[in-house]
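Protein chains: 2
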Amino acid sequence: MRIPILKLHDCLLVSIQWELDDQTALQFQEDLLHKIHETSARGVVIDFTSIDFIDSFIAKVLGDVISMSRLMGAKVVITGIQPAVAITLIELGIHLEEVITALDLEKGLEKLQRELGD
Amino acid sequence: MRIPILKLHDCLLVSIQWELDDQTALQFQEDLLHKIHETSARGVVIDFTSIDFIDSFIAKVLGDVISMSRLMGAKVVITGIQPAVAITLIELGIHLEEVITALDLEKGLEKLQRELGD
Chain Y
3 MRIPILKLHD
13 CLLVSIQWEL
23 DDQTALQFQE
33 DLLHKIHETS
43 ARGVVIDFTS
53 IDFIDSFIAK
63 VLGDVISMSR
73 LMGAKVVITG
83 IQPAVAITLI
93 ELGIHLEEVI
103 TALDLEKGLE
113 KLQRELGD
Chain S
3 MRIPILKLHD
13 CLLVSIQWEL
23 DDQTALQFQE
33 DLLHKIHETS
43 ARGVVIDFTS
53 IDFIDSFIAK
63 VLGDVISMSR
73 LMGAKVVITG
83 IQPAVAITLI
93 ELGIHLEEVI
103 TALDLEKGLE
113 KLQRELGD
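Protein chains in written order, with my numbering: chain Y, 3 to 120; chain S, 3 to 120.
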């Protein structure tokens, strides 16, 4: 299974709607970085609305992919983080301090477009 | 595997990026109709850009889900249909005459928003 990555103008949209297994998470990491490179995307919105639990491995992979995307020059917005996911991330020391957050996909996309100066 | 369905304002976005198996296609049909009901979406964009081949079962399921979505009151736009997919659809008698089509996701979303009068 692979997670579809949608391109909308100069942004990529990803919605993670089901619990990820380790292989899918790693595949997603690779796919997202390739897609940023391939499309010259300036921003990425990753929506976690439907995820109410993540384990430590997945949390680390997601933290990494966000840092990697930033390194490649894409602004990252994460949306819809639920309480248990926020707890797991912080407990694992994944603070994502420079990441923009928003309540849902629409608001995330708006914030991203403001940041990108559109 | 299930196909994520993204909600953006009053539209739903779906990008089908890998060949569907029969079970996934049927699950997608059910998920999309539920999501239209749940979100009161007025429009749906389904992007096929990455699909270069579909078999007759999948074509029928997709044709059906498009007709069903219309019945439920959502305008459907399909985007990125590749030559082989267009051939399969027409050969199977799935003409999708009342469906709006566009080259890619961005253009599809623009057409849909014009149609919806936004």
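From the three backbone atoms N, C-alpha and C, an ideal C-beta is built for every residue, glycine too. It should be emphasised that the depicted structure is a prediction, and the values quoted were computed from it without experimental measurement.
Assigned secondary structure, residue i (DSSP; H/G/I helix, E/B strand, else coil)
| i | result |
| --- | --- |
| ALA76/Y | coil |
| VAL101/S | coil |
| LEU10/S | strand |
| ASP106/Y | coil |
| THR81/S | strand |
| ILE53/S | coil |
| GLY65/S | helix |
| SER42/S | coil |
| LEU114/Y | helix |
| LEU94/S | coil |
| ILE48/Y | strand |
| LEU15/S | strand |
| LEU35/Y | helix |
| ASP24/Y | helix |
| ILE89/S | helix |
Proximal residues of chain Y, C-beta to C-beta of residue i below 8 Å
| i | result |
| --- | --- |
| LEU107/S | LEU8, LYS9 and LEU10 |
| ARG4/S | GLN19 and TRP20 |
Test item: CB-CB of residue i and residue j under 8 Å
| i | j | result |
| --- | --- | --- |
| ILE49/S | ILE18/S | With the sequence shown as reference, residue 49/S is identified as Asp, and Ile is not the correct amino acid for it. Yes. |
| GLN84/S | ASP54/S | yes |
| LEU107/Y | LEU8/S | yes |
| LYS62/S | LEU114/S | no |
| THR90/S | ILE56/S | yes |
| LEU94/S | SER71/S | no |
| ILE60/S | LEU22/S | yes |
| GLY119/Y | VAL47/Y | no |
Any non-hydrogen atom of the ligand MN closer than 7 Å to residue i Cβ
| i | result |
| --- | --- |
| GLU108/S | The model depicted lacks the ligand MN and carries no ligand whatsoever. |
Per-residue burial, residue i [other beta carbons within 10 Å of its own, 16 or more giving buried]
| i | result |
| --- | --- |
| ALA88/S | exposed |
| LEU105/S | exposed |
| ARG44/S | buried |
| ALA27/S | buried |
| GLY82/S | buried |
Cutoff 8 Å: residue i Cβ touching any chain B Cβ
| i | result |
| --- | --- |
| VAL47/S | The question asks about chain B, but that chain is absent: this structure's protein chains are Y and S. |
TODO: Identify each residue in the region 8-36 of chain S for which the Cβ-Cβ distance to at least one residue of chain Y is less than 7 Å, and report them in chain order.
DONE: LEU8, LYS9, LEU10, HIS11, LEU15, SER17, GLN19 and TRP20
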